[in-house]
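Residue numbers (the numbering used here), protein chains in the order written: chain S, 982 to 1263; chain A, 982 to 1263.
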């Protein structure tokens, strides 16, 4: 496994791989890797000749009051995990070679970026789309692996890839959860014991919604209202949003259908957590 | 020579060429090709295994009151010219496969896009950057050939390529002029005889500026003021801007240096024309 920081070196390496007809699978991350990331890497490993992981805490996707500085960084542990999983290259740029002086180009996926998490985090998805566009050009992958945990991010990146004709296939892999239901997230490291316990309201609310749907409930408003009750019972939890939307346009739906996305963001203490589920019945 | 309209077919073709280690030279155009375009194609032909020309009148770079509908279209003539010059592929998409329903991603090169022509044409350079990003992903060229005639466009596209790490080299080729000095432009077709004659004030003003510089004048304000006088002597001409800027940031300079860009936009009748020169002395 090689670690490379220089974008130009990385692109030259990728171009060689293309000429040798090697397929490239790519997992972009901000590090602090957990089993959610590992599931993407394992899938990429099964499906490609070359597996590339990028680790870059991207400043342009953090807002002014957000956790850019304290975002967990543990490169050595991450590199060990990648090595064990058979990753070929880690792309490890620094801020200054990703955003040198005079940097001024941004990619924006309009409308979608302003909904759900975008309401609370203006500019976040512009930063995400921009860095992923850069990474796709640097890494030149055949397949890009994303996690369903960041559902809106997956929708926005898929839309960007389609709109800007990036020659890459996007695969979105299921959320990985701890045994008690908590969706894995690098930001779970911020939670103290009590918050960790309160954080279970997110997945519990989603399980409640799924149970209602499997009992025949299709009214989005009623489901949201029961989820809201469940979460508001927890004094530490503060709802940012609960939304039931279609997966393509992220527009609110009144009636649940197979493929509807139930997504929520809840603040536990100072930690804003997100989770979601895609409704599947027939 | 092949004409291809489907972006996916085009990308598949380009991917094959890459695997065969063929170099691709790319000239993006809106058609109505003239000797300015031909100079790019000839250079691309000399330097690459495969030469690709795109012809697409890109709607996202036209403002509401602009000439999208009447922009000259003459595909048959253009295709003949390309064939004679040894072009291998013409990429000829239509609006609906470039911007299908639900299209929502835009690339913006901030600051630079709001200066000079951007003041009069808000959104223009966002449209240009977006379509070129799409074309680069579809065509996958090694080298992109642009004309210096659209100086600001060349600066913005070069900046986008650098910022977003597109794996392509950008070459900007000199302005091609008619014998009397008029810079070639597809929009010259709009000019009647009298306007055609008045349009010479642009190049005359630039030649005046060059003469002043070669006589030792370095004061940008004085040069602009003399250019302004020359143009205002023509009743048909209405100055949009005359600017002397550095080529990287397009910021106004007070003192001329080698590499300074003198750019102007002048409306003749209903036709907004642009021209420029890069100062070169030592």
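Note that CB positions come from ideal geometry on N, CA and C, so glycine has one too.
Using only alpha-carbon positions, find the residue among the options that is nearest to residue i.
i: residue 1128/A; options: 988/A, 1256/A and 995/A; result: 1256/A
i: residue 1078/A; options: 1116/A, 1237/A, 1143/A and 1043/A; result: 1116/A
i: residue 1185/A; options: 991/A, 1027/A, 1163/A and 1172/A; result: 1163/A
i: residue 1124/A; options: 1235/A, 1230/A, 1028/A and 1105/A; result: 1028/A
i: residue 1006/A; options: 1096/A, 1019/A and 1026/A; result: 1026/A
i: residue 1064/A; options: 1220/A, 1022/A and 1083/A; result: 1022/A
i: residue 1165/S; options: 1152/S, 1019/S and 993/S; result: 1019/S
i: residue 1099/A; options: 996/A, 1259/A and 1044/A; result: 1044/A
i: residue 1247/S; options: 1126/S, 1214/S, 1134/S and 992/S; result: 1214/S
i: residue 958/A; options: 1002/A, 996/A and 1225/A; result: Missing from the structure shown is residue 958/A; chain A here goes from 982 to 1263 and no further.
i: residue 1239/S; options: 1225/S, 1245/S and 1182/S; result: 1225/S
i: residue 992/S; options: 1074/S, 1244/S and 1108/S; result: 1074/S
i: residue 1251/A; options: 1170/A, 1187/A, 990/A and 1131/A; result: 1170/A
i: residue 1259/A; options: 1227/A, 1076/A and 1068/A; result: 1227/A
i: residue 1087/A; options: 1109/A, 1209/A, 1139/A and 1178/A; result: 1109/A
i: residue 1010/S; options: 1199/S, 1104/S and 1053/S; result: 1053/S
i: residue 1141/S; options: 1081/A, 1220/A, 1094/A and 1262/A; result: 1081/A
i: residue 1216/S; options: 1061/S, 1204/S and 1175/S; result: 1175/S
i: residue 1152/A; options: 1158/A, 1202/A, 1161/A and 1130/A; result: 1130/A
i: residue 935/S; options: 1048/S, 990/S and 1178/S; result: Beyond the ends of chain S as shown, which are 982 and 1263, falls residue 935/S; an answer cannot be given.
i: residue 1122/A; options: 1059/A, 1158/A, 1167/A and 1031/A; result: 1031/A
i: residue 1143/A; options: 1154/S, 1114/S, 1144/S and 1236/S; result: 1114/S
i: residue 1047/A; options: 1218/A, 1061/A, 1104/A and 1183/A; result: 1104/A
i: residue 1202/A; options: 1069/A, 1050/A and 1223/A; result: 1223/A
i: residue 1156/A; options: 1145/A, 1146/A, 1198/A and 1135/A; result: 1135/A
i: residue 1200/S; options: 1132/S, 1118/S, 1237/S and 1190/S; result: 1237/S
i: residue 990/A; options: 1191/A, 1167/A and 1118/A; result: 1118/A
i: residue 1231/A; options: 1059/A, 1094/A, 1068/A and 1262/A; result: 1094/A
i: residue 1049/S; options: 1197/S, 1057/S, 1209/S and 1167/S; result: 1167/S
i: residue 1089/S; options: 1139/S, 1235/S and 1173/S; result: 1139/S
Is any beta-carbon of chain S found at less than 8 Å from that of residue i?
i: residue 1126/A; result: no
i: residue 1148/A; result: yes
i: residue 1215/A; result: no
i: residue 1040/A; result: no
i: residue 1115/A; result: yes
i: residue 988/A; result: yes
i: residue 1033/A; result: no
i: residue 1119/A; result: yes
i: residue 1258/A; result: no
Would residue i count as contacting chain A if we go by Cβ distances under 8 Å?
i: residue 1141/S; result: yes
i: residue 1029/S; result: no
i: residue 1135/S; result: no
i: residue 996/S; result: yes
i: residue 1248/S; result: no
So residue i packs on residue j, CB below 8 Å; how close in whole Å?
i: residue 1034/S; j: residue 1008/S; result: 5 Å
i: residue 1041/A; j: residue 1149/A; result: Contact doesn't hold; Cβ gap of about 21 Å is too wide.
i: residue 1085/A; j: residue 1229/S; result: No, residue 1085/A and residue 1229/S are not in contact; Cβ-Cβ is about 11 Å, not under 8 Å.
i: residue 1055/S; j: residue 1016/S; result: Contact flag wrong, Cβ pair sits at about 15 Å.
i: residue 1071/A; j: residue 1106/A; result: No, residue 1071/A and residue 1106/A are not in contact; Cβ-Cβ is about 25 Å, not under 8 Å.
i: residue 1180/S; j: residue 1243/S; result: Contact doesn't hold; Cβ gap of about 17 Å is too wide.
i: residue 1268/A; j: residue 1000/S; result: Since the first residue shown for chain A is 982 and the last is 1263, residue 1268/A is missing from the structure and cannot be characterised.
i: residue 1183/A; j: residue 1245/A; result: 6 Å
i: residue 1221/A; j: residue 1188/A; result: Contact flag wrong, Cβ pair sits at about 19 Å.
i: residue 1190/S; j: residue 1204/S; result: 5 Å
i: residue 1145/A; j: residue 1060/A; result: That pair is no contact at about 31 Å.
Just list the beta strand (DSSP E) runs in the segment 1197-1246 of chain A, keeping only unbroken ones of 3 residues or longer that don't cross its boundaries, in chain order.
1218-1226
Curious, which full-length beta strand (DSSP E) runs of at least 3 residues does the segment 1068-1145 of chain A contain?
1070-1072, 1086-1090 and 1124-1128
Listed in chain order, which residues of the segment 1042-1075 of chain S have Cβ atoms closer than 9 Å to some Cβ of chain A?
none
Residues of the segment 998-1011 of chain A whose Cβ lies closer than 9 Å to any Cβ of chain S, in chain order
999, 1000, 1001 and 1002
Please name the residues in the segment 1079-1093 of chain A whose beta-carbon is closer than 8 Å to at least one beta-carbon of chain S, in chain order.
1083, 1084, 1085, 1086, 1087, 1088, 1089, 1090, 1091, 1092 and 1093
Against chain S: residues of the segment 1144-1175 of chain A by CB proximity under 7 Å
1144, 1145, 1146, 1147 and 1148
Whole beta strand (DSSP E) runs in the segment 994-1037 of chain A with 3 or more residues, listed along the chain?
1005-1010 and 1031-1036
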